[in-house]
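So the structure is just underneath, and the comments pick up after that.
In the numbering used here, the protein residues as written are 20 to 599.
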């Protein structure tokens with residue numbers, strides 16, 4: 020970050036990527052009496068936030084130049100900027116968020132553990148009677164952690180059993196509570212993630228019913244399948260004031276709060292959640308710490324996982340055994356997580372991982388022609404030209420999850436906007452319809468939440484004729500609800516979804532995945548986390564549309580967001596350990 024921008028002779032901030040906000044920060048700092056050195060740091064910090072950083076690491080000389088500035092504090096009292104003892108330079112908001120999160124998590128870790136009696140301990144083993152003991156050791160440990168601690172951080176990749184583990188945790192907590200009813204709240208950062216959590220809980224409930232020991236069946240029947248909510252709904256965010264109605268003064272009515280896709284959490288969301296959580300409530304954070312972090316600044320889950328790992332804290336449980344993806348794909352994902360190009364090459368097989376060296380527009384168009392034809396054949400196999408009722412539409416929607424094209428970029432010639440235009444044009448010619456915009460099999464993604472209709476940013480729908488021959492757009496139902504149909508004209512903002520960005524794919528899985536990276540290895544969007552997030556969406560086969568140089572560049576660039584949450588939590592956990 021120290022290389023971001025420089026000050027010109029005319030006093031203006033110079034940088035090819037500097038935005039209006041960065042320049043405004045520079046001018047504001049000077050207007051408020053700040054030094055030119057401080058104004059430069061402020062502009063660089065503003066630019067850094069857009070790249071996901073929460074703090075700017077200053078050199079000793081840079082820190083000395085601004086430490087005595089009246090706009091700079093040490094974090095003890097509100098100030099425009101904060102410079103901590105380790106020369107991290109913050110906006111007040113970022114420093115306050117990190118401090119509050121660190122203190123709240125450390126306090127939860129310090130709470131006295133709850134004892135498990137012998138009867139409950141034996142019952143936990145019965146929860147896993149039908150499972151392989153060695154392969155579920157971490158899952159059994161997660162259940163015990165949830166019963167004894169007020170915090171459980173459950174991390175693992177796709178197919179490692181996170182949802183079934185959460186269900187077993189909830190069953191065990193209900194049994195532990197005895198006659199006391201538990202209020203259980205399920206949440207996720209986005210509407211789409213909340214819907215996926217609800218669906219996963221429903222599927223897991225059915226699977227457990229068929230495998231659980233008989234002693235657990237009464238508890239399974241009592242397990243509430245509560246609606247999963249977005250964090251904004253759970254904490255009652257008020258967009259007019261920009262505040263959360265649920266806080267320490269008006270806490271959540273909850274005994275257990277489960278937050279899925281926690282890698283998407285940003286600092287503000289995590290701080291608000293911890294503030295609204297009753298002290299004795301149990302918090303269960305579930306997510307893949309190796310995935311892309313939140314769009315906003317910070318890498319909350321990664322920082323928490325790293326701090327708990329360093330402290331050898333019992334509150335962290337990693338699930339490593341993959342139950343769904345093929346062994347070859349699991350090995351590929353592990354190699355990507357490590358950034359090991361040789362291991363990735365060794366793990367790849369012709370039937371599992373293939374590479375298509377797409378590096379210019381002509382090669383991309385050829386690849387898209389082939390993909391479009393394969394997708395068209397798949398849509399024909401799903402019989403999208405025929406009339407549908409709710410049940411059949413639901414089957415078609417599930418069938419669409421067989422294959423998906425993911426793009427690293429949204430814009431540019433290699434972005435999903437251009438890719439969708441090409442694919443849509445090719446498929447429109449195949450599935451002719453009276454309307455030029457809509458045709459059977461047209462896939463769209465909602466881009467703006469519409470709570471009145473139960474449609475959320477990221478929801479995928481498909482155009483299919485109903486029983487009367489009217490072309491409707493169908494979406495998956497929530498929980499056990501049937502598929503829902505809407506007239507195209509009634510949809511909120513949407514866009515084609517034959518290809519989607521890697522960011523939008525988080526939380527989803529597909530049998531066959533193709534990943535379009537970038538034309539050149541110099542693209543700043545490339546990262547190990549981006550490649551891992553894309554690759555781990557695949558259950559059976561993966562195709563990387565990129566040159567070897569582009570893949571190597573992604574593997575060699577782990578995202579390292581600058582901030583102080585991990586260091587704060589490290590210190591607090593260390594101090595707590597010494598005190599005990």
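C-beta atoms are modelled at their ideal positions from N, C-alpha and C, and glycine is treated no differently.
Less than 8 Å separating the beta-carbons of residue i and residue j?
i: residue 337; j: residue 157; result: yes
i: residue 425; j: residue 391; result: no
i: residue 242; j: residue 171; result: no
i: residue 296; j: residue 276; result: yes
i: residue 326; j: residue 574; result: no
i: residue 475; j: residue 211; result: yes
i: residue 569; j: residue 520; result: no
i: residue 502; j: residue 495; result: yes
i: residue 57; j: residue 85; result: yes
i: residue 169; j: residue 290; result: no
i: residue 218; j: residue 250; result: no
i: residue 102; j: residue 116; result: no
i: residue 303; j: residue 185; result: yes
i: residue 332; j: residue 128; result: yes
i: residue 553; j: residue 531; result: no
i: residue 602; j: residue 371; result: Any answer about residue 602 is impossible in this case: the structure gives the chain only from 20 up to 599.
i: residue 235; j: residue 146; result: yes
i: residue 422; j: residue 529; result: yes
i: residue 459; j: residue 427; result: no
i: residue 220; j: residue 205; result: yes
i: residue 497; j: residue 473; result: yes
i: residue 468; j: residue 518; result: no
i: residue 195; j: residue 239; result: no
i: residue 62; j: residue 88; result: no
i: residue 118; j: residue 597; result: no
i: residue 90; j: residue 83; result: no
i: residue 479; j: residue 512; result: no
i: residue 470; j: residue 316; result: no
For the beta strand (DSSP E) containing residue i, list its first residue and its last residue.
i: residue 504; result: 503 to 505
i: residue 175; result: 170 to 175
i: residue 531; result: 529 to 535
i: residue 549; result: Unbroken run through residue 549 is the alpha helix (DSSP H), 547 to 554; no beta strand (DSSP E).
i: residue 562; result: 557 to 564
i: residue 494; result: 490 to 494
i: residue 336; result: 335 to 338
i: residue 513; result: 513 to 515
i: residue 374; result: 372 to 375
i: residue 539; result: Per DSSP, residue 539 belongs to no beta strand (DSSP E) and is neither H nor E.
Please classify residue i as buried or exposed, where buried requires at least 16 other C-beta atoms within 10 Å of its C-beta.
i: residue 95; result: exposed
i: residue 379; result: exposed
i: residue 30; result: Its pLDDT being 44, under 50, residue 30 is placed unreliably in this model, and the value from its coordinates should be taken loosely. Residue 30 should be labelled exposed.
i: residue 51; result: exposed
i: residue 225; result: exposed
i: residue 155; result: buried
i: residue 222; result: exposed
i: residue 514; result: exposed
i: residue 555; result: buried
i: residue 273; result: buried
i: residue 589; result: buried
i: residue 23; result: Low confidence applies to residue 23: its pLDDT is 48, below 50, so where it sits in the model is not reliable enough to give any reading.
i: residue 183; result: buried
i: residue 534; result: buried
i: residue 148; result: exposed
i: residue 39; result: exposed
i: residue 322; result: buried
At what residues does the alpha helix (DSSP H) containing residue i begin and finish?
i: residue 436; result: 435 to 449
i: residue 306; result: Per DSSP, residue 306 belongs to no alpha helix (DSSP H); it is in the beta strand (DSSP E), 301 to 306.
i: residue 355; result: 346 to 357
i: residue 18; result: The question about residue 18 has no answer, for the chain in this structure spans 20 to 599.
i: residue 115; result: 111 to 129
i: residue 237; result: 236 to 241
i: residue 425; result: Where residue 425 is concerned, there is no enclosing alpha helix (DSSP H), although the beta strand (DSSP E) it sits in stretches over 422 to 426.
i: residue 146; result: 137 to 146
Would the segment 572 to 583 count as touching the segment 59 to 73 if we require 3 or more Cβ pairs under 8 Å? yes
Mind the definition here: the segment 309 to 319 touches the segment 263 to 282 only if three or more C-beta pairs lie below 8 Å; say whether that holds. yes
Does the segment 224 to 231 come within contact of the segment 255 to 268, defined as at least 3 CB pairs closer than 8 Å? no
Examine the Cβ distances between the segment 449 to 459 and the segment 555 to 575 and report whether three or more of them are shorter than 8 Å. no
Between the segment 480 to 497 and the segment 382 to 397, can you find at least three pairs of beta-carbon atoms closer than 8 Å? no
Ordered list of beta strand (DSSP E) runs contained in the segment 164 to 234, each at least 3 residues: 170 to 175, 203 to 207
Every unbroken beta strand (DSSP E) inside the segment 264 to 304 [3 residues or more]: 275 to 278
Mind listing, in chain order, the continuous beta strand (DSSP E) runs of no fewer than 3 residues lying wholly within the segment 70 to 111? 100 to 102, 107 to 110
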